[in-house]
Amino acid sequence: MQVHVVKSKIHRVKVTGADLNYIGSITIDEDLMDAANIIEGEKVQIVNNNNGERLETYAIPGPRNSGEITLNGAAARKVAKGDVLILICYALMDFEEAKAFKPAIVFPNEENNLLN
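In structure tokens, the structure reads:
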């Protein structure tokens, strides 16, 4: 049996931009991606604490140490600059492997989205 488990989580980051005319995705500061073990193109679930929206897209790296969290394309309509998000990635694992697995959970500075 295989189960879906949380692999990566970036907890409480602020939206720094929304670009409706971009092809799609979420741009995430590459330092945050590295810390949370998220790779370019990986599927990301986005939970908006301000309005309750939940959506999925894929990650693209933004400039390191920038704190950038930008929703692109249609997803830009689901957020406003300053909204607080939780970003989650999941993995499919064998049941026994999942029991021992520890996800990468990151708690950035809530004011500037940078690692402490």
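For what it's worth, the numbering used here labels the leading residue of the sequence shown as 4, then goes sequentially.
Ideal Cβ placement from N, Cα and C applies to all residues, glycine included.
Contact check for G76 against D32 fails: the beta carbons are separated by 7 Å or more.
For E59, the CB contacts under 8 Å within the same chain, skipping 5 residues up- and downstream, are K46, V47, Q48, I49 in chain order. Contiguous alpha helix (DSSP H) elements confined to the stretch 26-79 occur at 33-38, taking only those with 4 or more residues. Between K12 and V87, the gap from beta carbon to beta carbon reaches 7 Å or more.
Apart from the 5 residues on each side of it in sequence, D97 sits with its Cβ closer than 7 Å to the Cβ of Q5 in its chain, given in chain order. For the options N53, N40, L35, D22, the alpha carbon positioned closest to that of P66 is the one of L35. When secondary structure is reduced to three states using DSSP, A101 falls in the helix class. Excluding the 5 residues flanking it on each side, N40 has same chain C-beta neighbours closer than 6 Å at S11, A107, in chain order.
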